[in-house]
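Everything in the sequence shown is counted per the numbering used here, starting at 133 for the first residue and increasing by one. What follows is a single structure, written as structure tokens, with notes after it.
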Amino acid sequence: MENVVIIGSGCAGWTAALYTARANLQPLVLTGTQPGGLLTTTSIVENFPGFPDGVNGCELMTRMQKQAERFGARASFGTLEEADLSRRPFVLTVDGEKIETETVIIATGASHKHLGVPGEDLLETKGVTYCATCDGALPVFRNQPLVVVGGGDSACEEALYLTRFGSIIYLVHRRDKLRASKIMADRALANPKIKPLWDSVVTEVLNPKQDKVTAVKLKNVKSGAETILDCAGVFVAIGHGPNTAVFKGQIDLDANGYVVPRKGTMTSVPGVFVAGDCADHVYRQAVTAAGSGCAAAIDAERFLAAENG
Ligand SMILES: Cc1cc2nc3c(=O)[nH]c(=O)nc-3n(C[C@H](O)[C@H](O)[C@H](O)COP(=O)(O)OP(=O)(O)OC[C@H]3O[C@@H](n4cnc5c(N)ncnc54)[C@H](O)[C@@H]3O)c2cc1C
Numbered sequence: 133m134e135n136v137v138i139i140g141s142g143c144a145g146w147t148a149a150l151y152t153a154r155a156n157l158q159p160l161v162l163t164g165t166q167p168g169g170l171l172t173t174t175s176i177v178e179n180f181p182g183f184p185d186g187v188n189g190c191e192l193m194t195r196m197q198k199q200a201e202r203f204g205a206r207a208s209f210g211t212l213e214e215a216d217l218s219r220r221p222f223v224l225t226v227d228g229e230k231i232e233t234e235t236v237i238i239a240t241g242a243s244h245k246h247l248g249v250p251g252e253d254l255l256e257t258k259g260v261t262y263c264a265t266c267d268g269a270l271p272v273f274r275n276q277p278l279v280v281v282g283g284g285d286s287a288c289e290e291a292l293y294l295t296r297f298g299s300i301i302y303l304v305h306r307r308d309k310l311r312a313s314k315i316m317a318d319r320a321l322a323n324p325k326i327k328p329l330w331d332s333v334v335t336e337v338l339n340p341k342q343d344k345v346t347a348v349k350l351k352n353v354k355s356g357a358e359t360i361l362d363c364a365g366v367f368v369a370i371g372h373g374p375n376t377a378v379f380k381g382q383i384d385l386d387a388n389g390y391v392v393p394r395k396g397t398m399t400s401v402p403g404v405f406v407a408g409d410c411a412d413h414v415y416r417q418a419v420t421a422a423g424s425g426c427a428a429a430i431d432a433e434r435f436l437a438a439e440n441g
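Here's what the structure looks like:
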């Protein structure tokens with residue numbers, strides 16, 4: 133029987149682990165398929181307090197894990213497949229094994245959205261990618277025209293990163309201005325290798341017959357004109373949706389699937405707490421995820437303490 137199982141190993145998960153470990157609860161952290169969470173897909177993190185020169189995303193997450201493990205947190209490289217939160221102890225099915233636990237902290241984050249156009253799925257890992265930091269340096273993209281789809285901070289960051297590798301980076305956005313923060317938008321638009329294509333959407337990724345990305349079909353949303361743009365890679369950066377499908381019907385989720393917190397980090401089920409991007413569609417930052425991980429840990433600890441007198 134576990135005291136607390138933390139589902140997710142991003143900033144929220146490892147911070148919750150640090151606090152619950154220091155409260156002697158020996159938390160079990162399920163890493164899921166992305167140990168370290170989303171920050172492991174970025175190179176330099178410049179806005180996490182305490183790192184005046186910035187810090188590599190993977191290094192930051194490794195440090196968070198080490199810090200929590202030092203106080204007794206345990207990592208399990210498992211993925212939650214099913215959760216029975218209808219009664220306590222809660223029963224979690226992790227890679228086919230059942231785990232019983234007194235409390236749960238959900239810190240499953242959010243995932244990349246897909247374009248949902250023909251060719252996208254067939255060419256994933258064959259030129260279609262959702263992470264420039266992970267894939268941008270691959271030989272197939274070097275000195276080639278590349279497409280980034282999106283208009284937010286992630287799209288700007290991806291495009292800027294890709295200027296190191298591609299010959300030209302087309303930033304395809306469905307509106308006529310970026311919705312990224314001003315500093316990111318200015319940086320991207322000032323880069324001579326980044327060419328914005330306004331009012332445009334990708335309607336197809338070509339060419340599955342060649343088993344690799346050779347071009348995208350674009351549509352101008354204002355004129356309706358269709359064009360073919362040659363490129364070797366499509367980097368999709370159009371946002372995220374919460375990783376909460378496994379909790380549907382068990383706890384209250386909003387219309388977009390985000391966990392609805394009540395009174396701090398509590399959920400609709402007593403003993404189940406939430407932290408990080410899976411409950412936050414507003415701030416979505418490493419430091420806010422870490423902060424809510426701390427809060428969820430304190431809430432879980434107080435919940436257990438109140439029960440045990
Ligand atoms: C390219 C990029 C750059 C970014 N740069 C910055 C930056 O510079 N500064 C900043 O503050 N923020 C940045 N962010 C945002 C930041 O990464 C997120 O806000 C933060 O990672 C959210 O942390 P989290 O713990 O909520 O979720 P995540 O980091 O997404 O972690 C979720 C965890 O849950 C696990 N998981 C999911 N489902 C399951 C399951 N069923 N079972 C078990 N585990 C599961 C995953 O494996 C993962 O470990 C960036 C994001 C991206 C994509």
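Glycine included, every Cβ here is placed at the ideal spot set by N, Cα and C. All figures in this text were calculated on a predicted structure; none of them were measured in a lab.
Beta-carbon gap between residue i and residue j smaller than 8 Å
i      : j      : result
Tyr302 : Cys363 : yes
Val404 : Ile383 : yes
His305 : Gly282 : yes
Pro221 : Thr233 : yes
Ile231 : Glu134 : yes
Leu247 : Val334 : yes
Gly140 : Leu160 : no
Gly164 : Thr225 : no
Boundaries (first-last residue) of the alpha helix (DSSP H) holding residue i
i      : result
Phe435 : Ala418 to Glu439
Thr147 : Cys143 to Arg154
Thr194 : Gly189 to Arg202
Asp318 : Lys314 to Ala322
Leu294 : Asp285 to Leu294
Among the options, the one whose alpha carbon lies nearest that of residue i
i      : options                           : result
Leu361 : Leu224, Phe367 and Ala347         : Ala347
Pro250 : Val337, Asp285, Ser424 and Cys410 : Val337
Val280 : Val333, Gly356 and Val366         : Val366
Ser208 : Ala155, Ala149, Asp185 and Phe180 : Ala149
Arg154 : Leu171, Thr163 and Val136         : Val136
Thr420 : Pro159, Pro181, Val161 and Glu134 : Pro181
Gln166 : Leu247, Cys143, Gln158 and Phe183 : Cys143
Ser424 : Arg195, Met133 and Thr152         : Thr152
Thr257 : Asp285, Glu358 and Val368         : Val368
Val187 : Lys314, Ser175, Gly356 and Gly284 : Ser175
Glu439 : Thr235, Gly241 and Thr173         : Thr235
His244 : Gly356, Ala287 and Arg307         : Ala287
Leu436 : Asn156, Trp146 and Gly145         : Asn156
Arg319 : Glu289, Lys309 and Leu170         : Glu289
Gln197 : Asp185, Leu171, Asn179 and Met316 : Leu171
Gly389 : Val401, Asp227 and His413         : His413
Pro324 : Val401, Ala387, Arg416 and Ala291 : Ala291
Endpoints, beta strand (DSSP E) assigned at residue i
i      : result
Ile231 : Glu229 to Ile238
Lys327 : Ile326 to Leu329
Ile300 : Ile300 to Val304
Ala242 : Ala242 to His244
Lys341 : Element bounds for Lys341: n/a, residue is neither H nor E.
Phe405 : Val404 to Val406
Ile360 : Glu358 to Asp362
Asn135 : Glu134 to Ile139
Lys365 : Per the sequence shown, residue 365 should be read as Gly rather than Lys. It spans Gly365 to Val368 - the beta strand (DSSP E) in which Gly365 sits, taken as one unbroken run.
Gly373 : His372 to Pro374
Q. Does the count of Cβ pairs from the stretch 328-338 and the stretch 348-355 closer than 8 Å reach three?
A. At 8 Å Cβ cutoff, the stretches touch.
Q) Quick one: any contact between the stretch 370-387 and the stretch 211-222, if contact means 3 or more CB pairs under 8 Å? A) Yes, the stretch 370-387 is in contact with the stretch 211-222.
Q) Three or more C-beta pairs closer than 8 Å, one from the stretch 269-283 and one from the stretch 291-298: is that the case here? A) Output reads yes: the stretch 291-298 touches the stretch 269-283.
Q | Validate contact between the stretch 359-373 and the stretch 193-204 using beta carbons, cut 8 Å, 3 pairs | A | With the rule of 3 Cβ pairs closer than 8 Å, the stretch 359-373 does not count as touching the stretch 193-204.
**Q.** the stretch 256-264 touching the stretch 420-437, judged by at least three CB pairs closer than 8 Å
**A.** Contact check between the stretch 256-264 and the stretch 420-437: fewer than three CB pairs, one atom from each, fall below 8 Å, which does not count as touching.
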